[in-house]
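**Student:**
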Amino acid sequence: RPEDAAPTLAALWASMDTGGFSPVLRQSVLRFNGGLFADTEALPVDTLQLSLLIDAASANWREVEPAIFGTLLERALDKRQRHKLGAHYTPRAYVERLVLPTIVEPLRADWENARAAALRLAADGKPAEARATLHAFHRQLCATRVLDPACGSGNFLYVALEAMKRLEGEVTDLLGQLGETQAALGLEGHTVDPHQFLGIELNPWAAAVAELVLWIGYLQWHYRTHGQATPSEPVLRDFHNIENRDAVLTWTTTTPRTDADGRPVTRWDGVTTIRHSVTGEPVPDPDARVQLLDYANPRPADWPQAEFIIGNPPFIGVKRMKSVLGHEYSEQVRKTYGSATNSVDFVLFWWVKAANLLKQGKIRRFGFITTNSFSQTMNSRLISPFLSGRRNPISIVFAVSDHPWVDSAEGAAVRIAMTVASRGTKNGVLLCPALEKAGADGEFDIQFFEHLGKIQSDLSVRADAGSPIALQANAKVTGFGCALHGQGFKISKGEANRFGYPKDKSTIRRFIGGTDLTQFYREKYVIDFSGMTEYGARISNPQAFQHVIDYVYPERSENDRSSIRTLWWRFGWERPTLRKALKGIKRYIATTETSKHRLFQFIDVEFLPDHMIIAIGLDSSEFISILSSRFHTKWSLNQGGTLEDRPRYNSTRCFDPFPFPDPDEPTRIRLRELGERLDAHRKRQQAAHPGLTLTQMYNVLEKLRAGAPIEGRDRAIYDTGLIGILRQLHDDIDAEVARAYGWPANLADDAILHRLVALNRARAAEEAAGHVRWLRPAFQNPGGAAAAPTATPELDLAEAAVAAGKSAWPRALPEQIAAVRAALTETGEAAPADIARRFGRVRPATVAPLLETLAALGHIRRTDDGRFAA
């Protein structure tokens, strides 16, 4: 009877809230409470809805996967996301990939130490002490808290709960083997339960779902472990462990912002558009306004205390923060956290908060999912001091540089990075996907390359260059091209001619972008009023200025940044420093910011580069050779980050610190000849075959070097691009650049990096003493003045080894096991006497049984000569 469903369910829920006899079921029910049934209002349902509800109730809910259920339910409750329901979810294995190194590995290390200690005590005839050791570990486990400060629907918290329950099961099993029944722990006594799993979530629906998911997972585990044993009452407890609030910023109140005359200050809502009366293009609706807010007493949000922090903060890049979060919130959060956060993604606010807690020793580890732009320069620059600081440094102990994921907000497939951090200076494990095979359920089976070593802030394991030192010799000659901040600046060839090109080449410029370099050149022009006043721009080219009024002003007048809004007729980033570097030369070197292959080529100075191009104001072809060599390519891959799966070139990390060779004149001449031949060969073959791209040519070159078969389409590219000649040119360049450095031509990649790092530091010391090897002296140092000596720069070298000395011998047996294990790991192989000498007041006879126990458990191995190896 659908008409009776709502009142009947309301009556049932009232009984479940308090417990006792239920008139609806005509039997007693357990007391649930926990806040879930405090509001007993039920929704009316029709016949179809009731049948669906009955179908759902007939399913076996012990088999529901909470880690997926939470995401589905959260989207079902959000009307904007319902069309994506079931289309995308984050596979359980992906979540575990972060939970294991963040939480499980350190807890399991604690458990193995406690287990080894208990078995040692039992072997010594001390079963009561052995059980006491296990109970102590169990109490510690039941007090361990996990925080997800962006918990969404609780996926990470649930997987952590299940992992810790599994560990708890191992404790009870061993207690049973040592003579204690599982019942002795007590079903109502100490146990891992939802109160240990804390969350912060801004979305109220998601926060409620997260708590529900934890309880479903907990009760599932109860029935798997205890069969039909009734859980204790109340079945649910209202621990208030999931908080519905902002995890980054807190404030007292907000008030509408007003100007000096008391009028409301508003902005465009960022969504609503109208048709422009002249262009017909969509432009911001001037009437669609939202009120700006001021925040009273803004401050960083506090997080509840926990031992581990894990999560998947919002995937909002630095460029989208204002449009997604609102101008005033973005403005306030950056003011609150300081200028260092002005150019970083939103997720970095979570990372930095957790890193500060870790440095202070308030947490053991943290692990976060971020977009794979984590390694880009501005993000990496914020993270680097945490990893290289002299006081309480932290280390990334696990990372995945590029991994498929599902955006929980949008339900879209994205690429992410994972990072797990711990205190101290430690090596880590970096996983880089080598092969991804899509399964029928949307989950990728991923095979990884594993790299061991010190993981850097750009998620690479490399020769540790610390913070490479920018060299004066490389200054002022390179930078990004112009960022227009208005598509209306771009014009067609016909419009360029109508506006006065080629007679006017000052305000009408030829324009070149990244795709034009690597794929096909598209003839493009832009209106360039760089450096002009509004009046100057109007009189310099009235027709072009009117075009900018029509096509640029409507968009720019609503821009959040005042400089872009008020100087609307000019590019957002005009790059005056780069423009100076390009004066006085007829060509410059260009490369794209992101590209599969790191390629450098000459561009006529008539072309204005866009913001995806790194322009280098050097016109000598010896620099084309050096930059195109494997020496610079390996350096730039090592120092630069990645965007999605493409290496990224940044002048501050890849160019400014790069130590160019300073060869003799005959070597310079050979380098110039090879550079000219390389640039001419590629351009000649592309001109002869208009469909041929540099990307195609270098894809085939890569296969050729790898010894792969060149056939089919690749063979056609090999023939049209003369790839055999291209390979020979690069081989000759590599050999000549090696000669310019005075190094062997067959150096391994690591050796190249180590030598370049050392040369960077030597050049920095030279410059500090007043000797600068300018790349373009007439421009960089026109007066020919000698550089003044400066203080020797502080080189960010690795921390000195800890001073030799004996460590204190721990009192508790589990800590003794851990200390012995750590000492053996550090030495690699040792006898009990060797380990004992590392500690004060301990004999080899005390250490030997501990090593024997670890060997019996398979954690270490005994060698033939009676020693032990990690």
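With this note's numbering as the guide, the letters of the sequence shown map in order to residues 727 to 1596. Every residue gets a Cβ at the ideal spot worked out from N, C-alpha and C, and that includes glycine.
1) Compute the Euclidean distance between the alpha carbons of GLN1454 and ARG1431, then round it to the nearest angstrom.
2) Determine the burial state of VAL997: buried for a count of at least 16 other Cβ atoms within 10 Å of its Cβ, exposed for fewer.
3) Would you kindly work out how many angstroms separate the C-alpha atoms of ALA1490 and GLY1468, rounded to a whole number?
4) Taking DSSP's pairing of strands, which residues face SER754 in a bridge?
5) By DSSP's criteria, PHE1333 is part of a beta bridge. Which residues make up the other side?
6) According to DSSP, HIS1177 sits in a beta bridge with which residue or residues?
7) Just checking my contact of GLN1198 with VAL1498 at CB under 8 Å: how many whole Å lie between their CB atoms?
8) Grab me the residues of LEU735's own chain with a C-beta within less than 8 Å of its C-beta, minus the 5 sequence neighbours each way, in chain order.
9) Which same chain residues, not among the five before or five after PHE1297, have their C-beta less than 6 Å away from its C-beta?
10) My output table needs one value for MET1047: the three-state DSSP class, helix, strand or coil.
11) Is PRO1130 closer than 8 Å to GLU1162 when the C-beta atoms are compared?
12) Per DSSP, HIS1211 is paired with what?
13) Quick check: what's the CA-CA separation for SER1533 versus ALA1081?
14) By a C-beta neighbour count over all protein chains shown, 10 Å radius and 16 as the cutoff for buried, is ASN1105 buried or exposed?
15) Quick check on DSSP: helix, strand or coil for ASP1128?
16) Considering only C-alpha positions, which residue in the set ARG1441, LEU738, VAL825 is nearest to VAL750?
17) Could you pull out every residue in the same chain whose Cβ sits closer than 7 Å to the Cβ of ALA1596, ignoring the five residues on either side in sequence?
18) Comparing alpha-carbon positions, which option in PRO1040, THR917, ARG1025, ILE1000 lies nearest GLU927?
19) Excluding the five sequence neighbours on either side, which residues of its own chain have a C-beta within less than 6 Å of the C-beta of TRP1077, listed in chain order?
20) Output needed for ARG1015: all residues of its chain with C-beta closer than 8 Å, excluding positions within five of it in sequence on either side, in chain order.
21) Rounding to the nearest angstrom, what Cα-Cα distance links LYS1048 and ALA1066 in this structure?
22) Rounded to the nearest angstrom, what separates GLU896 and GLU831 at their Cα positions?
23) Whole angstroms is fine: what's the gap from ALA1517's alpha carbon to ALA1494's?
24) What's the C-alpha gap between VAL771 and LEU845?
25) Can you grab the Cα-Cα spacing for the pair ALA936 / MET1144, in whole Å?
26) For TYR1314 and LEU1344, what's the separation of their Cα atoms in angstroms?
27) Can you list, in chain order, the stretches of the alpha helix (DSSP H) that have 4 or more residues and sit fully within the region 965-990?
28) Can you give me the C-alpha to C-alpha distance between LEU883 and PRO1558, rounded to a whole angstrom?
29) Quick one: what does DSSP say ALA740 is sitting in, helix, strand or coil?
30) May I ask you to report which of helix, strand or coil DSSP gives ALA1526?
31) Between THR1096 and VAL1073, which are expected to be in contact by the criterion C-beta below 8 Å, what is the C-beta distance as a whole number of angstroms?
32) Exposed or buried, which one is ASN672 when buried takes at least 16 other CB atoms within 10 Å?
33) Would the beta-carbon of ASN881 fall within 8 Å of that of ALA793?
34) When the Cα of ALA840 is compared with those of THR1572, LYS1429, ALA1538, which residue comes out closest?
35) Helix, strand or coil: which one does DSSP assign to GLU1319?
36) Between which two residues does the alpha helix (DSSP H) carrying ALA1406 extend?
**Tutor:** This is what the structure holds:
1) 11 Å
2) exposed
3) 19 Å
4) PHE747
5) ARG1236
6) LEU1156
7) 5 Å
8) ALA768
9) CYS1208, LEU1210
10) helix
11) yes
12) Paired residues: none, contrary to the question.
13) 27 Å
14) buried
15) strand
16) LEU738
17) LEU1550, THR1551, GLY1554, ILE1586
18) PRO1040
19) PHE1094
20) THR992, ARG993, TRP994, ASP995
21) 17 Å
22) 15 Å
23) With a pLDDT of 45 at ALA1517, under the threshold of 50, the modelled position of that residue is not reliable, and no figure is offered here.
24) 59 Å
25) 22 Å
26) 6 Å
27) none
28) 42 Å
29) helix
30) Here ALA1526 scores only 26 on pLDDT, less than 50, and its place in the model should not be relied on; the value that follows carries that caveat. Correct three-state label for ALA1526: coil.
31) 5 Å
32) Residue coverage of the chain in this structure runs from 727 to 1596, which leaves residue 672 outside it and unanswerable.
33) yes
34) ALA1538
35) coil
36) 1391-1414
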